[in-house]
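Q: Protein chains in written order, with this note's numbering: chain U, 1 to 332; chain V, 1001 to 1392; chain R, 2001 to 2630; chain G, 3001 to 3614.
The C-beta atom is built at its ideal place from N, Cα and C for all residues, glycine as well.
The structure displayed is predicted, hence computed values, not measured ones.
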Amino acid sequence: MMRYILWRIAAMIPTLLIISALIFTIIELPPGDYFESYISELQAQGEGVDMQEIEELRAQYGFDKPPILRYFHWVGGMLTGDFGYSFEYQLPVNEVVGDRLWLTILVSFCTILVTWLVAFPIGIYSATHQYSWGDYGLTFLGLLGIAIPNFTLALILMYFANIWFGISIGHLMDQKFLGEPMSWEKAKSILEHLWIPVIIVGTAGTAGMIRRLRANLLDELQKQYVVTARAKGLHPFRALIKYPLRMSLNFFVADIGSILPQIISGAEITAIVLSLETTGPMLIKALQSQDMYLAGSFLMFLAFLTVIGMLISDIALAFLDPRIRLQGGSAK
Amino acid sequence: MTSSPLPESGAPLAHFVSTAPFDPYALKEMTPAQIRVNSASQLRLMWWKFKRHKLALASGIFLAVLYLMILVSEFLAPYNLHSRNVDFIHAPPQGIHLFHDGTFVGPFVYGREMTLDMDTLRRVYTEKPDDIEPLRFFCSGDPYRFWGLFDASTHFVCPAKDGQFFLLGTDRLGRDVLSRIIYGARISLTIGLLGITVSFILGIVIGGLAGYHGGIFDLVAQRIIEVLQSIPSIPLWMALAAIMPVTWSPILIYLGITLILGLLDWTGLARAVRSKLLSLREEDYVLAAQLMGAKSSRIIGRHLVPGFMSHLIATATISIPGMILGETALSFLGLGLRPPITSWGILLTEARSVSVIAFYPWLLFPTIPVILVILAFNFLGDGLRDAADPYK
Amino acid sequence: MNSGADLLRIEQLGIAFKMMGGQLEAVRNASLRVLPGKVTALVGESGSGKSVISQAVMGILPNTASATGRILFCDPENPGNPIDILSLPRDGKAIRDLRGRRLGKIFQEPMTSLSPLHTIGNQVGEALRIHEPVSKAETRDRVEEMLGLVGFANPARTREMYPFELSGGMRQRTMIAMALICRPSLLIADEPTTALDVTIQAQILQLLRELQAKLNMAMLLITHDLGVVANVADEVVVIYRGEIMEAGPVETIFRRPAHPYLKGLMAAVPHFDMKPGERLKALREIPVNADTLIGKRKQERQGPEILLSVRNVIKTYGTRKSSWFGKNTAAGVRAVDDVSFDVRRGECLGIVGESGCGKSTLSKIVMRAVTPDSGSVTYFDRDGKAIDVLSSEGNDLKTLRTKIQMVFQDPVSSLSPRMTIQNILSEPLEIHDRGSAQERKEKVLRLVQAIGLDQSALNRYPHSFSGGQRQRIGIARALALGPDLMICDEPVSALDVSVQAQILNLLKDLQKELGLTYFFISHNLAVVDYMADRIAVMCGGRIVELAPRETLMRSPVHPYTKALLAAVPFPDLDRPLDFAAVQACGATGTASWAAQFRADNDDNALAAADLGGGHIVLARRNADVRELQP
Amino acid sequence: AARRLEPDFLVPLMNAGKLPTAAGRLPKNPRVVDLAAMGRDVGKYGGTARMLIGSAKDIRLMTICGYARLVGYDDKLDLSADILESYEHVDEKVFTFKIRAGHRWSDGRLFTAEDFRYCWEDVILDENLRKGGLPTDLLVDGKPPRFEVIDELTVRYSWDGPNPDFLPRLAAPQPLTIVMPAHYMQQFHQKYQNANRLAGLMKEQRTKSWVDLHIKMSRSYRPENPELPTLDPWRNTTKPPAEQFVFERNPYFHRVDQNGTQLPYIDRFLLNVSSSSIITAKACTGESDLQATGIDFADYAFLKDAEKRYPVKVGLWKATRGSKIALLPNLNYGDETWRGLLQDARFRRALSLAIDREEINKVVFYGLARPSSDTILPDSPLYKPEYAAAWSSHDPDAANRLLDELGLQNRDSDGIRLLPDGREAQIVVETAGESTLDTDVLELITDHWRKIGISLFIRTSQRDVFRSRTMGGQIMMTMWPGLENGVPTRDMNPSQLAPTTDDQLQWPVWGMHYLSNGQKGHAPEVAEAARLVELLKSWYHARTPEERTDIWGEMLAIYTDQVFSIGIVNQTLQPILRSAHMRNVPERGLYGFDPTCYLGVYMPDTFWYGEDIA
Ligand SMILES: Nc1ncnc2c1ncn2[C@@H]1O[C@H](COP(=O)(O)OP(=O)(O)OP(=O)(O)O)[C@@H](O)[C@H]1O
Ligand SMILES: Nc1ncnc2c1ncn2[C@@H]1O[C@H](COP(=O)(O)OP(=O)(O)OP(=O)(O)O)[C@@H](O)[C@H]1O
Ligand SMILES: [Mg+2]
Ligand SMILES: [Mg+2]
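Here it is in structure tokens:
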């Protein structure tokens, strides 16, 4: 196993290289570059631009050189911890992300937590009470969550949260706390705002998890070893947790690698609508304005999370099910 | 020898011998129902089991009707997709009445009048209580080109001549929301499924092979999955949308992009399949099949995947909303479908500001068919699952 | 011994299964009882409802079943207050309190009854943790003690292992340990010893008797082995197709069987004194036309004499724990240790041996389901072509897959749970493209009938069959392609003697008519005696003795063989098993062996010694052949 | 009444001795704003105004709206000295600027001729800082001015030829920079700073060269550097990146009200970064005290509704664009046949005539806008009704006739006209599709054009690629806002009517030609366009106001008659939301970037909070 892990870590290097090349290509694919979009944005407001200055900037950031050189420059920079420069913010990328990263982690973490806290009990309940009113009702609620597009849900929740609870529209905190240092009041304000994005982003994943957990559990519930456990006098619920649930976790564990990236990118639209101070809107904006180093480094960060997540998922899988042999072919 | 094998509690056991006739060759006679069951095929058995699940059956019928309906959207919709009525912009939904002043008139709506409140700049619609506009059925209304093939103008229901009938209200260009929902069903119910199909086939095949064979196959497949999973869809859409040729029709572009997304979307499923197969392949029945000389495809298809069916069904039904609403996120960023094509997702993106929720909530009506379809697919999936469940 | 009120009284029990197209009445009007401290044996035909009754007692009938009648349990802890188990809420507190603690159950199919994800120790100790306030350490000690009692040589190591790392018999012993760990007052044992070799079986029976005596434990014993019944039961109930046919004290049943079914059963028992060529007397004979069944012409025994040749095969399993840190084979288990033998065309080679000695592993190596560390397996085709089993590819492999078939030791897990019997049986035909769809259908029907099931079985799923029925389905599947060599791993262990007779006769007929070759693994020495032409005895991964049937049975040389033969229980009240004499004599008990058979930690000390007449025994290299002769 | 002359906000600083009193902070001769004459009230100090911005870059709104310029427009669009005490010019060739004595930068240092000199000699003329040479606005016939420091408070720029653009450029929303706080900027200049210190500063600011450092630290339009001394009414105190920018009053601001109270009244502006999609919603819940950007006419009803629930007021101003949105046919389109058609005035006129502007007005603008060609508004002294009416009536028949005349009489089975080479007449209009407005209008136009046998396809793409793709001839037509300045005076440069830059999407290649002095692109091949260029050139040399008026008139006539851009409606309304307590915000006004600088010419420094200050 140890060998396998080392081998996998080694395999990450070429994988990440391929990913970086792909990401670079995707970012380069749309015609134009940041400066084009910068100029046109200014023009749309009726402002003029000093083309001379733009040309200088272009030269400064190597946009007059072939993309391949820029690619190597970028990758080389990342290896030394230099993630490039954001044109939009006119700051090094590391500095731009700043607080947003923490808030993103906060939102993602809460979302994942809520998703699990909600999905597991409900999934188990639905499986053990198949076709009860509870099952139907919770299924319906869950599906409602994914049937309504995130941004619509965001608008609705935001609107009613404001009307009913007086929570200020959008953002992760009241305006007055923006840029303030952390305080009790600020934390309270953050909590007050947090539930909206968490619900919105969480619903989709929750419903999927409930349904899949339910399906997997229903399959396992009939297995003989559950009967054995019951014959030992184990409480059916404990039996369920210990045996079928663990079996059903297979799909869940297979997925953990992509949970974080998925939630982060799934939250993008919501974050834009709600104008959250997370990285999502920043990424989208960077992509739209072709602020390439910002976008690229960000995507690489997500990719890195994914790759690590996959490794963790594989190791967890082997822990979960001792029968699984990751290394070998089909012969024993 | 006694007539009951059971003595008093605690008493010594007497020798009991049954006196019932005994014939080792006797066969239990079967009822006709049993005979029918015994000679049915597995599919037929499943169908019978499926039928027992009433809600699933109802959902199945509902979906079938829906899919039949999209064949005749033009006929069912009271208006055309793009018919505008500039006098009825943002008109709220209208109730159908049967009685006027206590007398039966048949289905009709009251005529309405729009006034513009110049102070708040809102359009105010007032019902004219004596303007009865009876609905017409199988009537001639907006002319359309049926599936682009021939001209026709028959509709299932139309407003009274020179009247109006907006059951679900109108949007900001005065287009009938109901008609747009009916037309939108065409795209929403079809193209997305294509994406699901592609991603499912790929997911099962690649995940299946990786999980079943493991080793180098698994290694390569996993690296591909890693790479694909690392590329979020939004930047990809942005890139693709930028390089797709202008001359392609929007529907073609959308189809293309859906397919591409399908081609990229299989990774999650593949991983689930793979990890499940990694453990299932250790089962004895797989070994049994191998020893019979079954090929991998057969083992995966006949032995392993069925053991995983519930998960697949659940995943499929849960991906349907994603596919129906797939374009909303993109439309939101201005990358999705463009007029003249519409879908439920597009209709929803049109309601993208808080003011809509406050003033024109009927623009959110398209969520209702989405919810219904998703529920129907899920219940259908439940029914299928149960039908395939040997323990039921 | 206290014989107060009945511990368990089953009154007028009826159990029916909801099925497509109607009900299946599995049990009708069954009444039986178990006295405290006594053993009631429930015997009967395969599929007659024994296991279902035992499930009803535990309150763990499947959802599709419905039960009528009463099952009264009179807990000695709470005497005079019988509880009707059927009336307790399903999985309620009351019944949960009984299960595991007061009622222990040994399931018929040990493989599927254990969770593959949890260690043996975890699963065995679970009942203890549920019902008794025990500390971790205490649990561990009790578990290890229990594992030791059921015959595990190294309980500490076994505790850490996973079920799939154990042999069939080991899993069964795990089940026994699990059922016994809380010292229940009633043990429901559903075929507890089918997968055990006779010596271990005797050991387990001994253990049960001790517990009975010590704790006044009663036992509802479901078994097909009339020998076991004769040796441990106090009362016997005979059930046939869901109805009680005969009941009485063991004496009466054995000495004065009255019902024709019971008589037939007694008559069908294979015994060691059968004349060559004598057929077993099955209750029902099903005439089988080998041609139409297998669909293949009667074939002369042609081709080279040797069909399969196994040479120096070695297989070592690494344990999972060690596999976390690189390949560490040193810590592994040597399941098959330098085994060589030949299988001749048309013969039946019987394999007997200690539970966990590597029989199944060996058979899987021959099937190429397990790759040995070294050694070779060669198959000789009818036209003399030698195929290397371990490395063949393409066409050769395809031939092998049709020519060699296997009956798995564990019938449940070898049947795809989501395929109907129809599909399971026609699958090999489909794979190898035999016949049209219609022909396949007909053939499947003939196969099903040949194994004593009827058409109504075709559209059911494996889980809805009884243990014996599933076993027969496994046999039918192996027969479907008409193989040359059948590897049967305990093919009839779950069958009652009459159905067993029926199946054995079928196999014999096929052997005679089609020249089928069998590689027959069994713990039932009488069965092996009936079937085999030559018998190999395995112990600790090695073949310790190999001889023609007669020779081996009459004049065994190896101490292990002798011990085996001595531990066979006879269905005869006058030949009781001398439990005291049965000692641990397997791989763990080598110490008691004569010096010339012991390896004494020297890997290379032993070699096969030929005693002539095809009689080979494993002994020290320097041992004198004559010394070995009995 | 005893008026308080010091804002509470500054009192602590003054008490601490860090700040002089008002008298010490104001120039000897401050600019007096006569509020009464403007019909406004004298206000009182205090309060914080919150404003929502769509991205951090929008902090430049404060520079635009603050509108402190050397010379600036008033709300009648007349030029007058603002920061300068006075200015004079001789024939628009020699400009003499007089600085207010005692005028100080926001850090308290005196503002003198040295600041002009530094900017001219050490920045504009510095080869490192100005690699591309001088800004074109400073060149007349390719030659820079002579710069002289007359005395401490007087500077002079003189050219050989007239530079009528000079003062308007200084008054522009994004002004020409000719002055910098020398005392502050010198520390970043190679010439004044020792190399070691400079290197240290570069490291601190993470710039690669001192040039970058200087550029970065001197940005005044987008005031990202909180240290940079400014002359604006409010100065930024927050360093980006941030979600909220705090602008505080400049204690040395040079304007006073008629009572001598130093402006601005409002102490602070808080600019909160929000995504543009929820600015409206937030503004409607009272989270903004002054909002014009990010809210749209379409939201008016919603905004108005908020008046009921929150202390806000919504007014409607008139947008100054020549047309809210216009269709710009690319006269440099790559396809030969199409280019021929697009360059033919009859074709453009037909397209214009086919549009039912009344319908669009009704559907999208509640009938409150005015159908018009893309031209100036009646608010401009140069306005004539015929400009607006040119080819902007709804006359499909005339349009059809024009098209038939052009040889497009053949149609296919769907009624779509065929080009001479047999292709269908399909026009692809590109739009940024950022608001539904564009697509809605296009959808309506699609129907209108179908009636004349032209099919329209909408393609949304990122607007940043429009310019280069239009240049490359890949875009046939774009949807874009109409003329920038819809309320010009004759003294404003009419260059927007002629091909003068490469970002004019109807003729970028010609514009490039002009811009590059004939180096790139090519000269207009359409006579009328060429004439526009000529007229523009003659405007520069026109001596009398009448001459200028005439030139403007002729250009406007040509532009509208030729339908170089197809206007739809103009005089659309822009909602302006303000706190109900805020005073002096005009009810009506002209809203636009150029020339009114959004709120700039209406002087937000005179806005104040009445009643209880929020
Ligand atoms: N879950 C089930 N659903 C339907 N029928 C069942 C089910 N379980 C058992 N049966 C049927 O009930 C009958 C009795 O089964 P049971 O398992 O009790 O047999 P048994 O006496 O234990 O046989 P064996 O000795 O072969 O194990 C069989 O005919 C079997 O097919
Ligand atoms: N997958 C495995 N991993 C590790 N050890 C195994 C595995 N399979 C079998 N073994 C070990 O190999 C030995 C032989 O097992 P095998 O199943 O061949 O025994 P057997 O002779 O068939 O016994 P039984 O009669 O009890 O079925 C046992 O000690 C068992 O624990
Ligand atoms: Mg049984
Ligand atoms: Mg075995």
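1) Excluding sequence positions up to five away, which residues of its chain have a Cβ less than 6 Å from the Cβ of G:GLY3072?
2) Alpha carbon to alpha carbon, what distance is there between R:SER2355 and R:ALA2608?
3) Mark G:GLN3409 as exposed unless 16 or more other C-beta atoms lie within 10 angstroms of its C-beta, in which case mark it buried.
4) Given G:HIS3581, which residues of its chain have a CB within under 7 Å of its CB, disregarding the five upstream and five downstream residues?
5) Short check: CB of G:VAL3033 to CB of G:ARG3235, under 8 Å?
6) Helix, strand or coil for R:CYS2488, going by three-state DSSP, please let me know.
7) Please confirm if the segment 248-258 of chain U is in contact with the segment 1349-1361 of chain V, defined as three or more CB-CB distances below 8 Å between the two stretches.
8) Have a look at V:GLU1282 and U:ILE324 and give me their C-alpha separation to the nearest angstrom.
9) Compute the Euclidean distance between the alpha carbons of G:VAL3533 and G:PRO3508, then round it to the nearest angstrom.
10) For V:LYS1049, collect the residues of the same chain with a Cβ closer than 6 Å to its Cβ; drop the 5 residues on either side in sequence, then sort them by chain order.
11) Contact between the segment 2465-2481 of chain R and the segment 2490-2497 of chain R is defined here as three or more beta-carbon pairs at a separation below 8 Å; is this criterion met?
12) Is R:LEU2117 close to chain U? Criterion is C-beta to C-beta, closer than 8 Å.
13) Kindly list the residues whose CB is nearer than 6 Å to the CB of R:VAL2052, restricted to its own chain and excluding five residues on each side of it in sequence; keep chain order.
14) For a cutoff of 8 Å on Cβ pairs, would you count G:PRO3168 as touching chain U?
15) Heavy atom of ligand 3 less than 7 Å from the Cβ of R:GLN2108, yes or no?
16) Jot down the residue ranges of each uninterrupted alpha helix (DSSP H) in the segment 1039-1081 of chain V, minimum 4 residues, whole runs only, in chain order.
17) Any heavy atom of ligand 1 closer than 7 Å to the Cβ of R:MET2175?
18) Please report the residue range of the alpha helix (DSSP H) in which R:ARG2472 lies.
19) By the 7 Å beta-carbon criterion, what residues does the segment 2441-2474 of chain R contribute toward chain V?
20) Is it the case that the Cβ atoms of G:CYS3065 and G:GLY3422 are separated by a distance below 8 Å?
21) Exposed or buried, what is V:TYR1067 when buried is set at 16 or more other beta-carbons lying within 10 Å of its beta-carbon?
22) Could you spell out where the beta strand (DSSP E) holding R:THR2139 opens and where it closes?
23) Would the C-beta of R:ASP2197 count as close to ligand 4, meaning under 7 Å from any of its heavy atoms?
24) Would you call the segment 197-216 of chain U and the segment 3265-3277 of chain G touching, i.e. three or more CB-CB distances under 8 Å?
25) Between the C-alpha atoms of R:PHE2325 and U:ARG3, what's the straight-line distance to the nearest angstrom?
26) In whole angstroms, what separates the C-alpha of G:THR3446 from that of G:THR3136?
A: Reading from the atomic positions:
1) For the purposes of this step, residue 3072 of chain G is identified with residue 72 of the fourth sequence, where counting begins at 1. Spatial neighbours of G:GLY3072 in its own chain (CB-CB distance under 6 Å, excluding positions within 5 residues in sequence) are listed in chain order as ASP3082 and ALA3171.
2) Position 608 of the third sequence, counted from the first residue, corresponds to residue 2608 of chain R. Position 355 of the third sequence, counted from the first residue, corresponds to residue 2355 of chain R. Using only the alpha carbons, I get a separation of about 22 Å.
3) For this step, residue 3409 of chain G is matched to residue 409 along the fourth sequence. Under this definition G:GLN3409 is an exposed residue.
4) For this step, residue 3581 of chain G is matched to residue 581 along the fourth sequence. Non-local C-beta neighbours of G:HIS3581 in its own chain, meaning closer than 7 Å and more than five positions away in sequence, comprise PRO3311, TYR3609, GLY3610, GLU3611 and ALA3614, ordered along the chain.
5) Mapped onto the fourth sequence, residue 3033 of chain G falls at position 33. Mapped onto the fourth sequence, residue 3235 of chain G falls at position 235. The answer is no: Cβ separation not under 8 Å.
6) Mapped onto the third sequence, residue 2488 of chain R falls at position 488. When secondary structure is reduced to three states using DSSP, R:CYS2488 falls in the strand class.
7) Between the segment 248-258 of chain U and the segment 1349-1361 of chain V there are fewer than three inter-stretch CB-CB distances shorter than 8 Å, so the stretches are not counted as touching.
8) Position 282 of the second sequence, counting from 1, holds the residue named residue 1282 of chain V. Position 324 of the first sequence, counting from 1, holds the residue named residue 324 of chain U. Distance between the alpha carbons of V:GLU1282 and U:ILE324: 8 Å.
9) Indexing the fourth sequence from 1 puts residue 3533 of chain G at position 533. Indexing the fourth sequence from 1 puts residue 3508 of chain G at position 508. The straight-line gap from Cα to Cα measures roughly 14 Å.
10) The sequence position of residue 1049 of chain V within the second sequence is 49, counting from 1. ALA1387.
11) Taking 8 Å as the limit for Cβ pairs, the verdict is that the segment 2490-2497 of chain R does touch the segment 2465-2481 of chain R.
12) In the third sequence, counting from the first residue as 1, residue 2117 of chain R sits at position 117. So, interface residue.
13) Within the third sequence, the letter at position 52 stands for residue 2052 of chain R. Take R:VAL2052, set aside five residues on each side of it, and the residues of its chain with a beta-carbon closer than 6 Å to its own are ILE2015, ALA2026 and VAL2027, in chain order.
14) Residue mapping note: residue 3168 of chain G aligns to position 168 of the fourth sequence, counting from 1. No, its Cβ sits nowhere closer than 8 Å to a Cβ of chain U.
15) The sequence position of residue 2108 of chain R within the third sequence is 108, counting from 1. Annotation for R:GLN2108 indicates a beta carbon within 7 Å of some heavy atom of ligand 3.
16) 1042-1052, 1054-1069 and 1073-1076
17) For the purposes of this step, residue 2175 of chain R is identified with residue 175 of the third sequence, where counting begins at 1. Answer for R:MET2175: no, Cβ out of range of ligand 1.
18) Counted from its first residue, the third sequence places residue 2472 of chain R at position 472. From DSSP, the alpha helix (DSSP H) with R:ARG2472 extends over 2467-2480.
19) The segment 2441-2474 of chain R vs chain V, Cβ under 7 Å: ASP2454, GLN2455, SER2456, LEU2458, ASN2459, TYR2461 and HIS2463.
20) Indexing the fourth sequence from 1 puts residue 3065 of chain G at position 65. Indexing the fourth sequence from 1 puts residue 3422 of chain G at position 422. Going by C-beta atoms, G:CYS3065 is not nearer than 8 Å to G:GLY3422.
21) By 1-based counting over the second sequence, the position of residue 1067 of chain V is 67. Answer is exposed; the Cβ neighbour count stays below 16.
22) Along the third sequence, read from residue 1 onward, the residue named residue 2139 of chain R stands at position 139. First-last for R:THR2139: 2136-2149, but that is the alpha helix (DSSP H), not the beta strand (DSSP E).
23) As a first step, residue 2197 of chain R must be located in the third sequence, where it is residue number 197. No.
24) Counting Cβ pairs under 8 Å, fewer than three are found: no touch.
25) By 1-based counting over the third sequence, the position of residue 2325 of chain R is 325. By 1-based counting over the first sequence, the position of residue 3 of chain U is 3. Residue confidence is low: R:PHE2325 scores 46 on pLDDT, short of 50, so the model does not pin down where it sits. Its coordinate-derived value is still stated next. Whole-angstrom Cα-Cα distance: 7 Å.
26) Along the fourth sequence, read from residue 1 onward, the residue named residue 3446 of chain G stands at position 446. Along the fourth sequence, read from residue 1 onward, the residue named residue 3136 of chain G stands at position 136. Our two residues, G:THR3446 and G:THR3136, have alpha carbons roughly 41 Å apart in a direct line.
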